[in-house]
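Contents: one structure, followed by commentary.
Residue numbers (the working numbering): 73 to 365.
Printed below as a string of structure tokens:
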């Protein structure tokens, strides 16, 4: 028995690796079949995961430009604001143009006023110079007994004499006031002539005092055209035969022009030309009308 059993075991030991190898091969084939059956499901799962993946994708060979973010929500607000800004800018530009126009008008008015002021000073100096010439030509003794009512453009150098004899102290008061005019102390001269008219309201030199007050009010700083108008008008109304009436009419025309009353100004100037055509004041009136009307 023992030799036979040993031989059997020996035979079994010799074929055992063959059986083991067959078992391994069968098992491997079974697993391979099972894997083949499960492969589509895994592939489908991978494909589904790849389809749902939102991360970086493989380069496909074509370039797609990214679209800018949509501003549709902001366009309405921006358009409205832009329209308001445009209107505001246009309004500001119109205001600037209007202010520039006003500034230009103001500058032109200032130039005119400066020219008129200079002309009034020159005119006053001319009258004072004419009076000085008249005083020198007439002599000291004659001048001290005669009123100085020199008119614009007097060429004869004569001194016009009033109808009444001067009152005591009247001539000295008038001369003192007039001397202030010659010294260009205009404010003091106004005060002196007013004091003179208070003391001698109907004196021999009263017409001259009213006339010089009218002149002085135009050269004060600032000038007072209304008081000048009143002074010339008093001369015109109370002393219609006075030799200075043509000058007063011309001055009234100038004063009304300064005050902006162009029609009234032209009326006075036309009256000078019509009533006193050969008087120097008429020539000045013609020139003023030509330059300003």
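Cβ coordinates follow ideal geometry from the N, Cα and C atoms, glycine included.
Nothing here was measured: the structure is a model prediction, and the numbers come from that model.
Residue 268 is a Cβ neighbour of residue 245, given a cutoff of 8 angstroms. For residue 255, there is no enclosing alpha helix (DSSP H), as DSSP marks it with neither H nor E. In the DSSP annotation of this structure, the continuous segment of the alpha helix (DSSP H) that includes residue 280 starts and ends at 278–291. Straight-line measurement puts the Cα of residue 291 at about 22 angstroms from the Cα of residue 355. In this structure, the beta-carbon distance from residue 279 to residue 311 falls below 8 angstroms. Comparing alpha-carbon positions, the option among 314, 344, 328 and 335 lying closest to residue 321 turns out to be 344.
Residue 265 places its beta carbon less than 8 angstroms from that of residue 249. Residue 262 sits in a helix when the DSSP states are folded into three classes. Residues 341 of the same chain have their beta carbon placed closer than 6 angstroms to that of residue 361, with the five preceding and five following residues left out of the count. The three-state secondary structure of residue 173, taken from DSSP, is helix. Pairing residue 160 with residue 170, the inter-Cα distance amounts to about 15 angstroms. Per DSSP, the unbroken alpha helix (DSSP H) holding residue 325 starts and ends at 317–330.
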